[in-house]
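Working notes, beginning with the structure itself.
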C-alpha cells in the first residue's frame with residue numbers, strides 16, 4: 019500500500035476516547051475517519067462517517083471496508099475474526115499477528131521472554147487443579163488473570179496464600195488464565211513507540227506511571243529511570259515491535275525493580291494501540307502518539323517523538339471531570355474532555371496535562 | 019449567560035478552515051459544534067451537526083439557534099442581519115458592535131484613531147470626484163480599498179499617480195471605498211488576543227508576518243520588535259477589544275515603521291476572529307488561539323497564552339500542499355492540512371509550523 023493522500027479515509031474500530039483522539043489527529047492531517055463500533059461512543063462526534071453494528075456483521079464490515087483505505091483499531095479486544103475479515107479486503111494495521119499475540123497475556127509474555135526480556139514468573143492455568151500446581155511452582159504472592167479481555171484490573175484476582183486459590187479460580191469463570199508471580203516493583207514505566215510500514219522506529223521518552231484502584235492516575239515525563247535503563251526499555255519495545263511486524267503505535271508497560279542498586283525491568287503488558295500513558299504527547303510533543311499512529315497506518319513518514327516540555331498527565335476519572343471549570347482556570351493546564359455524557363465511577367472522562375519548561379529552558 | 023458545560027453545542031457561522039480548527043479545539047474540551055454556512059467546506063468533516071443554507075434563511079437560522087448554546091463566526095463578512103437575527107435568540111460572540119465596526123475599514127480606522135493609535139492617513143471615497151479630492155488631500159502613493167468584504171488583497175487598487183484614479187475607482191465597482199496613504203513600513207506584525215465575557219484579557223506574543231501576493235506567507239515568533247513596542251501593540255489591541263465590548267479572539271495587524279531609530283506602529287486591520295497569523299499557537303502554546311476563542315465564547319476562563327517554543331508558521335497555498343509527504347518527513351515540522359479537495363491557485367490548503375527551542379532552552 020502506498021501512502022494515503024490527504025482526503026482519504028481511515029477506518030477505526032472502536033468508538034471510545036482513543037478513537038476520538040485518533041480522529042482529531044487525522045483531521046489535522048486532512049485525513050477523514052470512519053468509526054465502526056458495536057455501540058455509540060465519544061468518537062462519533064468528530065468522525066466523517068460512522069457505522070454502529072456488531073463486530074461480526076459481515077455486511078456492515080464489507081461496506082466499512084469498501085469506504086476506507088486502511089483500517090486500525092483503538093482497543094485490542096476486538097475479535098480476531100473481524101480483523102481477518104477486513105484484512106482480506108484492505109490493509110489492517112497493526113496486523114492480525116500483533117493483535118493475536120497481544121490479546122493473550124500468555125503469548126505476550128512468552129514472546130518477551132524469547133526476546134530476552136525479563137517478565138514475572140508465569141504459567142498457564144486452565145483449571146483449579148492446574149492453579150494449585152502453578153502456585154507450588156511459582157509461589158505466592160501471585161496474581162491470577164484471564165489471558166484475554168482484561169483491562170484496568172478487570173479479570174484479576176490476588177493470591178496471597180494457597181487458600182485463596184479456589185476463590186481466585188472462581189473469579190476467572192472458567193476462562194483460560196495465567197498465574198503471574200507478584201513483582202515487588204518500585205515503579206511502573208511505559209514506552210510509547212511507533213513503527214512505520216517500512217520498519218522505521220521511534221519512541222517517546224519513557225513515562226513513569228502511577229495507578230489508583232488499578233486505573234492509571236498520572237503519567238510523568240521525564241521518569242526517574244536512568245538513561246541506560248530507559249534505553250533498555252526502548253530496545254525491548256523495538257524488539258517486540260519488530261517481532262510482531264508491527265505498524266502503528268505500540269505501548270509497553272514495564273515494572274522497574276531496584277536490585278542491589280541496579281534497576282531491573284520486567285515487561286508487564288503490551289498494548290497494540292495508542293495508550294493512556296501517552297496522552298501527554300498531545301501537549302508536550304510536536305507530533306502526538308495519536309498523529310504518529312495515524313501517520314504509520316496511513317503509510318506516512320513517522321513524525322518527531324521529541325518532547326519540548328516536561329509534563330504530568332492526570333486522568334479525570336468519574337466525578338473528577340466535574341472540576342472542569344477549575345481546571346480550565348489553571349494557567350499551565352491543558353484540559354481534555356472526551357464528551358462522555360455520564361460521569362460513572364471509574365469511567366475515564368478526560369485528562370489534564372500540566373506542562374513545565376524542561377530544566378535549563380528559557381523563559 | 020453562564021459557562022457552557024462540556025457536552026453543550028457551539029454554533030459556528032462559516033465552514034472554512036478556521037471553522038474546522040475551531041471545531042477541533044472545541045472537541046478537545048468536550049464541546050460540540052454545529053456549523054452553519056451557505057456552502058460546504060472543510061469544517062463540516064469534524065462537526066457534530068451541519069446546516070447548509072443561505073445566511074438570510076430565517077427558518078434555518080431559527081433551527082440553528084435552537085440547537086446551540088452560543089454562536090460565533092469564523093469570518094467577518096457575514097451579514098450583520100444574520101447576527102442580529104441570531105442575537106435575539108442566543109448570545110452571539112463577538113457581538114454585533116464588534117462585527118459592524120470591523121466589517122468597515124472606515125469605522126475600524128476611525129476607532130483606532132479615537133483610541134490614540136496611529137493609522138495611515140485615510141478618507142472615504144464614494145465617487146470618482148471624491149477620489150480625486152482625497153488624492154489631493156492625502157497624496158500618493160496610496161491604496162484604494164472597498165470599505166467592506168475585502169480580504170487577501172481582494173478589492174484593492176494601487177494609486178501611484180493621479181492618473182491611476184479612474185482605473186482604481188472602476189475596480190471598486192461603485193462600492194463605498196476608502197483611500198489609504200501608503201505606509202513605507204519595514205515590517206508587518208500582528209497581535210492575537212483574547213477577551214472573556216467578564217473582561218479578562220490576554221495576548222499571545224507578537225508575530226512578525228511576511229506576505230506574498232497579498233496572502234500571508236509566514237508568521238514568526240518572536241518578532242524583531244523590542245519589548246516596549248510589542249507591549250504598545252498589545253495595549254492598543256486591548257483598547258480596541260474593550261471599546262468593542264469584545265468577547266473571543268481578536269487579531270490586530272500593524273505596520274512597523276522605523277522613524278529616526280524609533281519604531282512607530284500603525285494599526286492596519288482588525289479581524290474579529292481567529293487569524294491566520296495565529297496558527298502557530300496550535301503547536302507552540304499550551305492553549306491555541308482556537309481553544310481560547312472557544313473558551314471565551316463558551317464563557318470559560320481564558321487559557322494561557324504563553325509560548326513554550328519559537329515558531330515559524332508557513333502557509334501552504336495552492337500546490338504547496340502537494341509537498342505534504344516531504345513536509346511530513348521533516349523532523350520539527352507540524353503539518354496541518356485542511357481537507358480541501360482542490361488545490362486551486364491562491365487557496366489556503368494547509369500550513370506547517372516549524373518549532374525550535376526558545377533560546378536558552380534545555381535539550
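Chains as they are written, first to last, in the numbering used here: chain F, 19 to 381; chain Y, 19 to 381.
A virtual CB, placed ideally from N, CA and C, is assigned to each residue, including glycine.
Because the structure is a prediction, the values reported are computed rather than measured.
List the whole-angstrom C-beta distance separating residue i from residue j, where the pair is believed to meet the contact cut-off of C-beta under 8 Å.
i, j, result
"residue 165/Y", "residue 122/Y", "5 Å"
"residue 261/Y", "residue 133/Y", "6 Å"
"residue 37/Y", "residue 61/Y", "3 Å"
"residue 372/F", "residue 351/F", "5 Å"
"residue 167/F", "residue 95/F", "5 Å"
"residue 111/Y", "residue 315/Y", "4 Å"
First and last residue of the alpha helix (DSSP H) that includes residue i?
i, result
"residue 125/F", "123-132"
"residue 103/F", "98-105"
"residue 343/F", "342-346"
"residue 39/F", "35-46"
"residue 286/F", "Unbroken run through residue 286/F is the beta strand (DSSP E), 280-289; no alpha helix (DSSP H)."
"residue 301/Y", "299-302"
"residue 31/F", "Here residue 31/F belongs to no alpha helix (DSSP H); instead the beta strand (DSSP E) covers 27-31."
"residue 292/Y", "Where residue 292/Y is concerned, there is no enclosing alpha helix (DSSP H), given that its DSSP letter is neither H nor E."
"residue 15/Y", "Only positions 19 to 381 of chain Y appear in the structure, and residue 15/Y is not among them; the question remains open."
Please list, in chain order, all residues of the same chain as residue i whose beta carbon is under 6 Å from its beta carbon, the five residues on each side excluded.
i, result
"residue 140/F", "127, 196, 198"
"residue 91/F", "31, 32"
"residue 381/Y", "Here residue 381/Y scores only 44 on pLDDT, less than 50, and its place in the model is too uncertain to base an answer on."
"residue 257/Y", "133"
"residue 281/F", "247, 274"
"residue 50/Y", "27, 66"
"residue 354/F", "368, 369"
"residue 305/Y", "321, 322"
"residue 365/Y", "336"
"residue 209/Y", "221, 224, 251, 252, 255, 270"
Might you give, ordered along the chain, the residues of its own chain that have their beta carbon closer than 8 Å to the beta carbon of residue i, omitting 5 neighbours on each side?
i, result
"residue 97/F", "73, 74"
"residue 56/F", "70, 71, 72, 73"
"residue 42/F", "64, 308"
"residue 259/F", "211, 213, 219, 268"
At which residues does the beta strand (DSSP E) containing residue i begin and terminate?
i, result
"residue 394/Y", "Nothing about residue 394/Y can be reported from this structure: the residues present for chain Y run from 19 to 381 only."
"residue 333/F", "327-335"
"residue 206/F", "205-213"
"residue 368/Y", "366-375"
"residue 354/Y", "351-355"
"residue 228/Y", "225-230"
"residue 198/Y", "195-199"
"residue 149/Y", "No beta strand (DSSP E) contains residue 149/Y, which is instead part of the alpha helix (DSSP H) from 146-156."
"residue 115/F", "Looking at the DSSP string, residue 115/F is not in any beta strand (DSSP E); the run it does join, the alpha helix (DSSP H), is 114-120."
"residue 267/Y", "266-277"
"residue 52/F", "50-55"
"residue 175/F", "174-177"
For residue i versus residue j, is the C-beta distance shorter than 8 Å?
i, j, result
"residue 52/Y", "residue 101/Y", "no"
"residue 283/F", "residue 202/F", "no"
"residue 159/Y", "residue 219/Y", "no"
"residue 248/F", "residue 241/F", "yes"
"residue 135/Y", "residue 285/Y", "yes"
"residue 206/F", "residue 271/F", "yes"
"residue 328/Y", "residue 239/Y", "yes"
"residue 341/Y", "residue 236/Y", "no"
"residue 356/F", "residue 48/Y", "yes"
"residue 146/Y", "residue 183/Y", "yes"
"residue 29/Y", "residue 88/Y", "yes"
"residue 153/F", "residue 180/F", "yes"
"residue 377/F", "residue 326/Y", "no"
Measuring from the CB of residue i, is there a heavy atom of the ligand MG at a distance below 7 Å?
i, result
"residue 27/Y", "Ligands in the displayed structure: none, and consequently the ligand MG is not present."
Near residue i, which residues of its chain fall below 7 Å by C-beta distance, leaving aside the five closest residues on each side in sequence?
i, result
"residue 131/F", "137"
"residue 119/F", "125, 126, 129, 262"
"residue 317/Y", "19, 20, 21, 22, 215"
"residue 178/F", "158, 159"
Is the stretch 205-214 of chain F touching the stretch 264-283 of chain F in the sense that three or more CB pairs, one from each, lie closer than 8 Å?
Yes, the stretch 264-283 of chain F is in contact with the stretch 205-214 of chain F.
Can at least three beta-carbon pairs, one atom from the stretch 178-193 of chain F and one from the stretch 222-232 of chain F, be found at a separation below 8 Å?
no
Three Cβ pairs or more, each shorter than 8 Å: is that satisfied between the stretch 104-119 of chain Y and the stretch 232-252 of chain Y?
no
Answer yes if the stretch 289-300 of chain F comes into contact with the stretch 312-328 of chain Y, meaning at least three C-beta pairs across the two stretches below 8 Å, and no otherwise.
no
Along the stretch 351-370 of chain F, what residues have a CB closer than 7 Å to any CB found in chain B?
Protein chains F and Y are contained in the structure displayed, whereas chain B is not.
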